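Novice: Next up is a structure, given as structure tokens.
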Amino acid sequence: MLLLLPLAIPVLGAGLILCFHNPRAATRAALGLGAVEIALLGVLVWQVHERGALHEGRYLRADGLSSLFLLVIAVVSALVLVYASGYLRHMGEGRFSSPRWFYALVFLFLFTMISVCVSANLGLLWIMMEGTTLASALLVGFYNTEGAVEAGWKYLIVCTVGIAFALFGTIVLYIAAVRAGMSPASALDWVSLMDAAPRAGFDPHLMRLAFVFVIVGYGTKIGFVPMHSWLPDAHAEAPTPISALLSAVLLTCAMYAVMRYDAIVSRAAGPLFSHSLLLSFGLASMIIAGLLILVQRNLKRLLAYSSIEHMGIIAIGLGLGGPLGLFGALLHTFNHAVAKSLLFFGAGNVRLNLNTLHVDSIRGLSRSMPQLSAALVIGALAIVGLPPFSLFVSEFGILSEAFAQAHYVVAILFLIMLSIVFGGFAFHFLGMLSGEPNRSPENARLVPSEYTTMACAALCLLVFGARIPHGFAVLLQEAMAVLK
Amino acid sequence: MRIVVDLLQALLLILVAPLVRGVVARLKARLQNRRGASVWRPYSDLLKLFRKEELVPPTSSAVFRIAPVVLFAAVVCVTAFVPVVRSSALIDWQGDFFVLVYVLALGRFFLSLGALDGGSAFGGMGASREALVSSLAEAPFLLGLTAIAILASRADIVGIVAWTLKQDFFNISTVHLLAFGALAMVALAETGRMPVDNPTTHLELTMIHEGMVLEYSGPSLALIEWASAIKLHLVIALLIAFFVPWGMSAGDSWTSLALAVLFYALKLAVCAVLLSIIESAVAKLRMYLVPDFLGVAAALSALAVIFTIWVKR
Amino acid sequence: MGLIGIATAKILSSFSVFLFLTIILLAVARRISTSVLLFGLQSAVITADVIATAFQEKLPEVYVVGVLVFAIKVMVIPRALFVLTKRLKTVRDVQASTTPTQSVFIVAAIIYLSYAAVHSYAGAIHVSDDALAAAVSVILTGSFLMVSRKKALMQMLGLLVLENGIFLAALITTFGMPLVIEIGIFFDILMGLLLMGIFTFRISDTFEHLDVSKLRRLRG
Amino acid sequence: MGIWLASKEICDEKSEMQLLSIKTGFVFLLASLGLVAPIALLVSHAKTVRVVASCLVIASNVVGCFVAVLCFWQQSTAIVDFSRFSPFPLALGIDRLSALFLLLICSVAAPVSIFAVSYFDEHYGEQRRRSMWAFFSLFLSSMVVVVTATTGFAFLIGWELMTLLSAGLILIEGDSAERRHNVFIYLLMMHAGAAAVVASFFLFLPHSHSLDFVAIRTASTGVPAGVKTVILLLAFVGFGTKAGIIPLHLWLPRAHPIAPSPVSALMSGVMLKTAVYGFVRFSFDFLAGSPPWFAYLVLLAGAVSGLLGVLYAIAEHDLKRLLAYHSVENIGIIFLGLGTSLLFLAHRAPLWAALALIAALLHTLNHALFKSLLFLGAGAISRATNTVDLEELGGLQNRMPITGTAFLIGCCSIVGLPLFNGFISEWLTFRSFLAGSVLTGTRAQILLPLMVGVLALIGGLAAACFVKVFGVAFLGRSRSAEAEHAVEVPPSMQVAMIFLATICLFIGILPGFLLRPLVSLVQLLIPSAGVPEETLSIGQVIPWTAATVVGISAVVALFKRRERLTRTWACGLPGLSSRMQYTSTGFSKPIRYVFARVYRPDRKVEQRPGDQPYFPVSISYRSVRTTSYEKALYRPFVELIVSLAHRVRRLQTGNIQIYLLYIFLALVLLLAFLRFRP
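Residue numbers (the numbering used here), protein chains in the order written: chain A, 3 to 486; chain B, 134 to 446; chain C, 6 to 225; chain D, 172 to 849.
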């Protein structure tokens, strides 16, 4: 029941919201439903902590790892819903593009992501992962402009193709499991697979084959280079709250899937292969995205590339494995989600007020919009991994692991790319924030919903940078225990 | 007793200084077929200047007034470092030649500031050129001294002198030769003699030291003149002590001291003659040839340091 | 055994040849409608294979899957695509970046490569080379169609072919996934096609063409 | 190696009280510095903010001074452990080395914050003043964290924050395009340097299994030689970037001049020193020495920085930029000392190594004092005249006697004249060079004595430079109306400068009291070192020399002189104008001419109208230094990366078919890898 309710509410909620034709009523309904949903997620996370993994039938299950990702979803979606309530104030009523459609689709999107996290079955996981693409494709193309349609099409096609390969990977895994004597009913069940992996005699060759397809497939959704092509387009053209959701949660959910597979394959065929694949994809993503950040002139695309870079960092953490690497990677998913949401919110307000996202034509934000620029500064400092913000801690953990395992090439490239990314961010943000404003913003002040969300995100970054709260640390430990 | 002798040595350096200047001037005059002024003339000049009133530019500050005093005090202080008639000095400790050079630099620093405080173009010109010369002279000066210090395995002037005294005069090392060459060149630059600077020039555009003191008059000028006389004497005494110390008294007996004074006078006289010959024979270098001159000195002193490896053993 | 048994065995042993035929024809097809038709044929071949498998292995679940495949991939989707082409009133040409000759050579290469690639696996999982190679070459042909055809509709079609290949691979290696999962997958495909249809409408509304290679405003 | 062990033994019951007071003081220091930021930003009443912020900052620094003095002279070690509150071990502690640098920070920061009170009041409006105070105090605390960190995590946090906060301070001052560019270069170079520092810390990790300093120290013996080399090189590059070693100094003359003067004082005086601290921590404390070639490298870098630093400084006429280049020079001198010490250590001459290290550490402290004094002086000048361009100044000594005198003391100190503190450390450095001749049979035997010449040249050029600075800025006639009407700065600023000047003089005349604890510190870093006798002798002799000079000056000055004010002689012409004086550029011309090869100047004479060579209406002359490290060293590298980025950008073609192809290719590539995997 506890697992079903959080899944049922968004679906029912989406339908409910569609009934409200008045935008304000739709917004209110969405906020109310969102509050309920987040509370339920909170309860679920707490229950998982109290009682251990929860089951619901053969297909739903929530353990420590799921509850960590559920927490990320809860936090980010809370921020996004509140932020969107202010952000959508300019939006008129149109076919498929009105607040009610927006919220309805957001809830569907949330439903798919939550179900990704609570799937016990890898097949279901795949179905829901494809569902996330479908639910969000309309959101990406929400504005119906040339760019939005183009981005939406690319997103849909590229991700669907990628995901198709993940399906093939799932099938290969299924073959291996069935061949190893598991019953077809449980051959895609993650827990049974984890139990069976060390001893059931999976064909390691098939396992590796499966992992290749899975990492290419889900890697397309994560945004690993070279499958990342859809990502900057989608992030840049989607409405800002959706950009935040895509970047902070969707990529993370895909990463969650890869974590699950990585755990099985590592158990069955030794960690070397899957980890080195993760490391190489991580490094490639960091390097290419880092370089692209340097020359990117569109603020949201810049942030999108930064997401690719951070997914690379997380992949490196996973690929290194070890307690600190895993700790760093899991912590980084949370930290990145919060920081990136903050930055996207900031970028959204820039677009609202200045009507542009071109870095060169944004000047003097610190004079014209001091509150917003404070948020942007905090977000940028956090995202490049500087103390006292939390990303420093997670990157510190990953780096420690890299050096401790004497992965010197990885570590040095990691450090170099961090510096290059820092250079890119410093260059662009100094340009945007300082100097004389070249155009006056239409509405310099942030509305309460905007600044509360930004302040919350910033505070969260700061707090987690100074000290990881005890409860969260426990959650992290439980998540790590699942993967071990 | 020792302290008295050391004190007397210092006083000797201070009080005889104008005489040395007078002698050199007289010798130069003779070499140029003039009669020249009396050798005591510098004393009367100083006395005259001390009695005069002082003219101060209205824009100048306290630095203008303090500068000559600091210069004089610095130079006088340095006299306490140099052994003259016996191998001892008032201030005597390891590493003192760095201090000697830098105390001299202190005086020069303030004199340059005083020159700038006058507010005229000539003061600035003099100070600017002095800055060039002294900044380039410091390195060969210290390197030359370093070479000798390495040879003597001592870093105090008195110790070096005492070590040199024990050496055989005829067994002179390459290092000594090179270092002497370097230090002699530096000495000319430091004391503002030909070919680096012309102490008797009356043409403002060629002035270095004279340009700096152009605004000074009366007692201040007297202090400056006296100080530069002491400096000249001091540098000669230093060269004597380092390179031809033989003849210094070993004990404290009056006779040996008197003999040492006599020897010193003799050596001083030779130096004065040499200096006046150089000054008469050599033309002043163009301003921008001075760095080359000092560059040669630097090269010599560096060579001296390098040669210590083979000489020392 | 009987007639059905013989037919089943024939289907199972020869369906790969039909599949190769469909993909070669897909490579040379110049019209979208022809391609859609070929896709329908391909799906029909697969349906036959599913049914034959279900009969031979006596798996009632797989019959359901077979009915689903027939309903969705042979009936619904080709029809929807026909309707779509009519409604969109675009040129009917597939607009390939490769000439038909090149395409045939590429498909031939794909088939050869598929044989080479599956050789080491096929023995390990007790499947005939032909069947597995057919599945893989259908996947690869789908990919090839997506890369080389500029029409949005052809990309959808390529995706469907790719999907067919994956489905086939699952079928011949494990006789299909659990039914619930299969149904979910079909649902996803349908929803995906629906969305793609919406987007093709939007593209033609916004850009007044359906050539995806011209959608290059977002780059860098 | 032994710092912590040795200090633990000392901590018996007797010093229990002391330890407690040290801990309390230290926590107070950090807490009050940390409190200033929220107070400054959140409290609404402006006056309260001002009073509370300034009082807290000043008080905390005074307390910090006491803490440092206790630890430095008494050798007590205190550790404050925050590990319970942080994800990675985070602890702060004060051993003797930390205490020295804590002393440096606090003793400079206390007067600087006194100065800052009036400076901030006069220069900034309400809002910016608040942020100034917030950043200022946080900047101070970050530096405290750096020098007292006992884990790598804490060190790196402080290290990164230090850069960020100082950049913030620069940006609050103003954010024109040029400043932005300079700040960007500053941030970028600092981040790259920090990456090197991070790497050098982490390279210990496989051997020490923790970044705790004690663990690193114990593990360092087990680190293989190759790794040690890499660590040393990375530390040198990382800390050298922060310190401004040429050619890693690029940011320094850009960032320091554009900061507000009190901040420049802190950046130049204190922040650079944290890099020296880091380098000493690594090379002496952690690794206990280096191979000889590394020592030569450090020596070479020091010599080059010293010489080029001072030469570039002479050519400047922007006072703050000039001072910034002098920081490069002085850092060069410090690294000369450090290199010498490493060289002696590598050749197993611990006594002389100790001497050179003492020289370097003392020069670090001295430079902090006089450089911050000079920057405060520059701040006072800019307050009085609104400019720090030497060509616009002149004649300030009569109008601002206190500032002038303090500035003069600063000048004398930085030049290294006897009676001032700079001399003591330079003398010790000279002495350690001279001692190089004992290393018979090595290259150092000649090289070190030759360094005497290098240091002498540096000193000589510095003297020339500061004659120019003081002479042109404070003496002679005013060159502009602003300088003509300058008024003395308010008392609080005077107090700050007088305080620093007094310490400079005090150390210059009575160095003994500082040298004794320094010797004990160095004995901990270099275990087998004895007490170098030079440290004792200079403490005894310098006071006498000082007494002689001062005594004679006093006696001479006592003679009453008759004075008459007359106009400066003008060759018989009616009068002089200020334009007839030597300018800063004119003053340095001879030296620039001699060293033209270093500057490679690009001279341009423009004359209007051009057709009348003898009667031009105006002539302008411009001479620009063209030696540029950006072009030679950094530009190719940066261009490579940017062109690479552009090329990568072209991969994102916008064509969806190409995108799909990427996916298929990635898949095929991986499958091939799987197939042909070794």
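Backbone N, C-alpha and C define an ideal beta-carbon position, used for all residues, glycine too.
None of the values given here were measured: they were computed from a predicted structure.
At what residues does the beta strand (DSSP E) containing D:Gln778 begin and finish?
Specialist: D:Gln778 -> beta strand (DSSP E) spans Pro772 to Arg779.
Novice: At a Cβ threshold of 8 Å, is A:Thr455 touching chain D?
Specialist: No, A:Thr455 lies away from the interface with chain D (no Cβ there is under 8 Å from its Cβ).
Novice: What are the residues of the segment 324–342 of chain D that lie near chain A, defined by any Cβ-Cβ distance shorter than 7 Å?
Specialist: Cβ contacts with chain A come from Phe324, Ile328, Glu331, Leu332, Leu335 and Leu342.
Novice: Using a Cβ-Cβ cutoff of less than 7 Å, which residues in the same chain neighbour D:Leu208 once the five nearest sequence positions on both sides are dropped?
Specialist: Note that residue 208 of chain D is Ala in the sequence shown here, rather than Leu. Excluding positions up to five away in sequence, the list reads Ala305, Ser308 and Leu309.
Novice: Do you know how far the Cα of B:Ser268 is from the Cα of B:Val234?
Specialist: Approximately 12 Å between the Cα atoms of the pair.
Novice: Would D:Ala363 count as contacting chain A if we go by Cβ distances under 8 Å?
Specialist: For D:Ala363, the answer is yes, since a Cβ of chain A falls inside 8 Å of its Cβ.
Novice: With a cut-off of 8 Å on the beta carbons, I'd call D:Val441 and D:Ala414 a contact; round off their distance for me.
Specialist: That belief does not hold up - the Cβ atoms of D:Val441 and D:Ala414 are roughly 12 Å apart, past 8 Å.
Novice: Does the Cβ-Cβ distance between B:Pro190 and B:Glu348 come in under 8 Å?
Specialist: Result yes, Cβ atoms of B:Pro190 and B:Glu348 sit closer than 8 Å.
Novice: Between which two residues does the alpha helix (DSSP H) carrying D:Glu810 extend?
Specialist: Per DSSP, D:Glu810 belongs to the alpha helix (DSSP H) from Arg806 to Leu822.
Novice: So, does the segment 303–315 of chain A touch the segment 33–44 of chain A, judging by three or more C-beta pairs under 8 Å?
Specialist: No, they do not touch.
Novice: Looking at C-beta atoms only, is the number of pairs between the segment 177–189 of chain B and the segment 328–338 of chain B that lie closer than 8 Å three or more?
Specialist: Segments in contact, no.
Novice: Would you list the residues sitting across from D:Tyr792 in a DSSP beta bridge?
Specialist: BP columns for D:Tyr792 point to D:Val776.
Novice: Within 8 Å, do at least three Cβ pairs link the segment 313–328 of chain B to the segment 405–415 of chain B?
Specialist: Touching, per the Cβ criterion.
Novice: Could you spell out the range, first to last residue, of the alpha helix (DSSP H) harbouring D:Gly264?
Specialist: Unbroken run through D:Gly264 is the beta strand (DSSP E), Ala262 to Ile265; no alpha helix (DSSP H).
Novice: Hey, A:Glu438 and A:Phe347: beta-carbon distance below 8 Å or not?
Specialist: Result no, Cβ atoms of A:Glu438 and A:Phe347 do not sit closer than 8 Å.
Novice: Identify whether A:Glu438 lies in helix, strand or coil by the three-state DSSP scheme.
Specialist: Coil.
Novice: If I follow the unbroken alpha helix (DSSP H) through C:Val69, where does it start and stop?
Specialist: Looking at the DSSP string, the run of the alpha helix (DSSP H) that includes C:Val69 is Pro65 to Val74.
Novice: Does DSSP put D:Asn569 in a helix, in a strand, or in coil?
Specialist: If DSSP states are grouped into helix, strand and coil, D:Asn569 belongs with the helices.
Novice: Name the DSSP beta bridge partners of D:Ile250, please?
Specialist: D:Ile250 pairs with D:Gly264.
Novice: Leaving out five residues on either side along the sequence, give the residues of the same chain with a beta carbon under 8 Å from the beta carbon of D:Ser608.
Specialist: Closer than 8 Å at Cβ, skipping near neighbours: Gln616, Leu619 and Pro620.
Novice: With 7 Å as the limit, tell me which residues of the segment 142–156 of chain B have their beta carbon closer than that to any beta carbon of chain D; keep them in chain order.
Specialist: Listed in sequence order: no entries.
Novice: For A:Ala106 versus A:Ala16, is the C-beta distance shorter than 8 Å?
Specialist: Contact: yes.
Novice: Considering A:Arg63, what are the terminal residues of the beta strand (DSSP E) in which it resides?
Specialist: Counting along the chain, the beta strand (DSSP E) containing A:Arg63 begins and ends at Leu62 to Ala64.
Novice: When DSSP builds the beta bridges, which residues end up paired with D:Asn537?
Specialist: Its beta-bridge partners do not exist; DSSP assigns none.
Novice: Name the residues in the segment 212–224 of chain A whose C-beta lies less than 7 Å from a C-beta of chain D; which are they?
Specialist: The residues in question are Val214, Val218 and Thr222.
Novice: Nearest-angstrom Cα distance between B:Leu359 and B:Trp173?
Specialist: The displayed chain sequence assigns Trp, not Leu, to residue 359 of chain B. In a straight line, the C-alpha of B:Trp359 is about 13 Å away from that of B:Trp173.
Novice: Output, in chain order, the set of chain C residues within a Cβ distance shorter than 9 Å of D:Gly409.
Specialist: Chain C residues near D:Gly409: none, gap ~34 Å exceeds 9 Å.
Novice: Could you list which residues in chain C have their beta carbon closer than 7 Å to that of A:Ala139, in chain order?
Specialist: The contacting residues are Leu200.
Novice: How about C:Val141: is its C-beta nearer than 8 Å to some C-beta of chain D?
Specialist: Closer than 8 Å: no.
Novice: Comparing the C-beta of D:Glu844 with each C-beta of chain C, is any distance below 8 Å?
Specialist: As written in the sequence, residue 844 of chain D is Phe, which differs from the Glu given in the question. No - not a single Cβ of chain C is within 8 Å of the one on D:Phe844.
Novice: Who are the near neighbours of D:Ile485 in its chain, counting only those whose CB is closer than 6 Å to its CB and skipping five residues on each side?
Specialist: Contacts found: Cys636, Ser759 and Ile762.
Novice: Could you have a look at B:Leu395 and say whether DSSP puts it in helix, strand or coil?
Specialist: Here B:Leu395 sits in helix by DSSP.
Novice: Who are the near neighbours of A:Ile2 in its chain, counting only those whose CB is closer than 6 Å to its CB and skipping five residues on each side?
Specialist: As displayed, chain A neither begins before 3 nor continues past 486, which places residue 2 of chain A out of reach and without an answer.
Novice: Between the C-alpha atoms of B:Leu140 and D:Trp598, what's the straight-line distance to the nearest angstrom?
Specialist: If I take the Cα positions, the gap works out to 26 Å.
Novice: If we cut at 8 Å on Cβ distances, does A:Phe104 have a partner in chain C?
Specialist: No, A:Phe104 does not count as interfacial toward chain C.
Novice: Excluding five sequence neighbours on each side, which residues of the same chain lie with their C-beta closer than 7 Å to the C-beta of D:Leu200?
Specialist: Result list for D:Leu200: Ser231, Val234, Gly235, Val238 and Val315, in chain order.
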